[in-house]
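As structure tokens, the structure follows; a few thoughts come after it.
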Amino acid sequence: MERQTKITVEATINAPVEKVWKLWNSPTDIMRWNSADPSWHCPSSENDLRVDGTFKNRMEAKDGSFGFDFEGTYHTVNLYREIAYTMADGRTVNTLFSEVEGKTSVITVFDAEQENDPEFQKSGWQAILNNFVNYVESAN
Numbered sequence: 010m011e012r013q014t015k016i017t018v019e020a021t022i023n024a025p026v027e028k029v030w031k032l033w034n035s036p037t038d039i040m041r042w043n044s045a046d047p048s049w050h051c052p053s054s055e056n057d058l059r060v061d062g063t064f065k066n067r068m069e070a071k072d073g074s075f076g077f078d079f080e081g082t083y084h085t086v087n088l089y090r091e092i093a094y095t096m097a098d099g100r101t102v103n104t105l106f107s108e109v110e111g112k113t114s115v116i117t118v119f120d121a122e123q124e125n126d127p128e129f130q131k132s133g134w135q136a137i138l139n140n141f142v143n144y145v146e147s148a149n
């Protein structure tokens with residue numbers, strides 16, 4: 010088996026970790042920020058945030074031309090600190106949260122898939138994370 014390429018995306022959010030965690034995990038909020046491009050959206054989200062719990066986010070082009078379910082099963086959930094899961098295709102994702110002086114760092118490391126260039130994957134995941142930053146910082 011070939012070694013899986015790991016990709017890292019990260020951001021610092023001007024908000025406390027409790028708020029970041031809530032907006033990261035609430036299906037209502039996920040549907041508002043979870044897209045890499047304005048031509049896409051997330052019309053549905055289910056999230057059972059616990060070890061062995063599952064999530065499913067529907068990702069669709071707004072014009073209806075394409076869509077897919079992004080889903081997985083959690084294997085690590087440490088409140089305000091870490092979430093790790095395995096996606097339906099067997100790849101793993103680990104996200105770390107840490108707060109310093111009211112700002113929260115979010116770092117996600119994920120296994121690259123084989124179909125698309127790793128830089129393309131990184132830019133897509135980073136765009137979603139940047140949307141999340143903007144969403145959190147604009148939420149009251």
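To convert, count from 1 in the sequence shown and add 9; that's the working numbering. Every residue gets a Cβ at the ideal spot worked out from N, C-alpha and C, and that includes glycine.
* Locate the alpha helix (DSSP H) running through Tyr144, then write down its first and last residues. => As a working note, residue 144 is residue 135 in the sequence shown. Run containing Tyr144: 127-147, per the alpha helix (DSSP H) assignment.
* Are three or more beta carbon pairs between the segment 19-29 and the segment 42-62 nearer than 8 Å? -> Judged by Cβ distances under 8 Å, the segment 19-29 makes no contact with the segment 42-62, as fewer than three pairs qualify.
* Check whether the Cβ atoms of Thr95 and Gly81 lie closer than 8 Å to each other. => Your numbering for residue 95 matches position 86 in the sequence shown. Your numbering for residue 81 matches position 72 in the sequence shown. Yes; because the gap between Cβ atoms is below 8 Å, this pair is in contact.
* Using the rule of at least 16 other Cβ atoms within 10 Å of the residue's Cβ for burial, across every protein chain shown, is Leu138 buried or exposed? -> The residue given as residue 138 occupies position 129 in the sequence shown. Label assigned to Leu138: buried.
* To do: Give the single residue among Asp57, Phe77, Ser74, Ala70 whose Cα lies nearest to the Cα of Val86.
  => As a first step, residue 86 is located in the sequence shown; it is residue number 77 there, counting from the start. Nearest to Val86 by C-alpha distance, out of Asp57, Phe77, Ser74, Ala70, is Asp57.
* Asked: Taking Phe141 as the reference, which of Lys15, Asp38, Ile16, Thr14 has the closest Cα?
  -> Counted from its first residue, the sequence shown places residue 141 at position 132. Distance check between Phe141 and each of Lys15, Asp38, Ile16, Thr14 places Asp38 closest, using alpha-carbon atoms only.
* To do: Spell out a yes or no on whether the segment 14-21 and the segment 109-122 are touching, meaning 3 or more CB-CB pairs, one atom from each, closer than 8 Å.
  => Yes, the segment 14-21 is in contact with the segment 109-122.
* **Phe75 versus Ala45 - alpha carbon distance** => Residue mapping note: residue 75 aligns to position 66 of the sequence shown, counting from 1. Residue mapping note: residue 45 aligns to position 36 of the sequence shown, counting from 1. Looking at the two C-alpha atoms, the distance is approximately 14 Å.
* Asked: Where Glu128 and Ala148 are concerned, what is the direct C-alpha to C-alpha distance, given to the nearest angstrom?
  -> Working through the sequence shown from its first residue, we reach residue 128 at position 119. Working through the sequence shown from its first residue, we reach residue 148 at position 139. Distance from the CA atom of Glu128 to the CA atom of Ala148, rounded to whole angstroms, is 30 Å.
* To do: Would you identify the three-state DSSP class for Pro25, choosing helix, strand or coil?
  => If you number the sequence shown from 1, residue 25 lands on position 16. Taken through DSSP and simplified to helix, strand or coil, Pro25 comes out as coil.
* To do: Return helix, strand or coil for Lys2, following the three-state DSSP convention.
  => Absent from the structure is residue 2, since the part of the chain shown begins at 10 and ends at 149.
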